[in-house]
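Accompanying notes for the structure given below.
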Amino acid sequence: MKAIKLVKYLTISVKRCTFAAEKKKKNFMEDNNGHFSSRDCIIQLISTRMASRQAMQRLLRDSGAGITFEMLQIMSCLWTEQGISQQTLAVRTSKDKACLTNLMLNLEKKGYVCRREDPKDKRNKLVYLTDEGEAFRRWISPKLSAYYTRLDEILGKDVIKQTEKLLKDLQHAIETY
Numbered sequence: 338m339k340a341i342k343l344v345k346y347l348t349i350s351v352k353r354c355t356f357a358a359e360k361k362k363k364n365f366m367e368d369n370n371g372h373f374s375s376r377d378c379i380i381q382l383i384s385t386r387m388a389s390r391q392a393m394q395r396l397l398r399d400s401g402a403g404i405t406f407e408m409l410q411i412m413s414c415l416w417t418e419q420g421i422s423q424q425t426l427a428v429r430t431s432k433d434k435a436c437l438t439n440l441m442l443n444l445e446k447k448g449y450v451c452r453r454e455d456p457k458d459k460r461n462k463l464v465y466l467t468d469e470g471e472a473f474r475r476w477i478s479p480k481l482s483a484y485y486t487r488l489d490e491i492l493g494k495d496v497i498k499q500t501e502k503l504l505k506d507l508q509h510a511i512e513t514y
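Residues in the sequence shown are numbered from 338 upward in steps of one, following my numbering.
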């Protein structure tokens, strides 16, 4: 039932964004002789990122996960590679050191992660999932999988492939500017 509510919310949000984008596009076309703006594209990308974050935060809240979206980002990184430095986690999650330290403290309080001294460099701490962190991963994974499966069903393979290509092209254009 919660997944259906999530899908309905996402569908309504997408329709609103699409309507707003279409309205904006028409106004923009009138003002600029039919030329499209990369600025509008980036604004839509940011809006989509925010909608995605909010939807995931609702999923976490409604499922009783007891963690935030930001904590999930950290945990997700550790699901693919453990024993990484806090600096690496900061880069991968686009968090500054102060924010990451606070998130790490909260995850440690929950018993999901632990930090150990790096044997190669005593100044660094390496981060690992605990047994509780692994149990949380096993508990939340089916919920996350259902979320992404439903999005895949809504969008379809072709739209996903096309969107991924367009996003990569946009990233490349921005990075080479």
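Note that CB positions come from ideal geometry on N, CA and C, so glycine has one too.
Keep in mind that this is a model prediction, so the values were computed, not measured.
*Just mark F473 as buried or exposed, buried being the case when its beta carbon has 16 or more other beta carbons within 10 Å.*
Taking the first residue of the sequence shown as position 1, residue 473 is located at position 136. When all chains shown are included, F473 counts as buried.
*Please list the segments of the beta strand (DSSP E) lying wholly inside the stretch 433-458, counting only runs of 3 or more residues, in order along the chain.*
450-454
*Ordered along the chain, which non-local residues of its own chain (more than five positions away) have a Cβ less than 7 Å from that of L492?*
As a working mapping, residue 492 is identified with position 155 in the sequence shown. Once the five neighbours on either side are set aside, L492 has no close Cβ partner at all.
*C-alpha gap between A287 and Q424, whole angstroms*: Outside the shown range of the chain (338 to 514) lies residue 287, about which nothing can therefore be said.
_Using only the alpha-carbon positions, how far apart do L426 and A402 sit?_
As a working mapping, residue 426 is identified with position 89 in the sequence shown. As a working mapping, residue 402 is identified with position 65 in the sequence shown. Looking at the two C-alpha atoms, the distance is approximately 21 Å.
*Is the Cβ-Cβ distance between V450 and T467 less than 8 Å?*
On the sequence shown, position 113 is the one that residue 450 refers to. On the sequence shown, position 130 is the one that residue 467 refers to. The Cβ-Cβ distance between V450 and T467 falls below 8 Å.
*What number of angstroms, rounded off, separates the C-alpha of M441 from the C-alpha of F373?*
Residue mapping note: residue 441 aligns to position 104 of the sequence shown, counting from 1. Residue mapping note: residue 373 aligns to position 36 of the sequence shown, counting from 1. Computed Cα separation, rounded: 43 Å.
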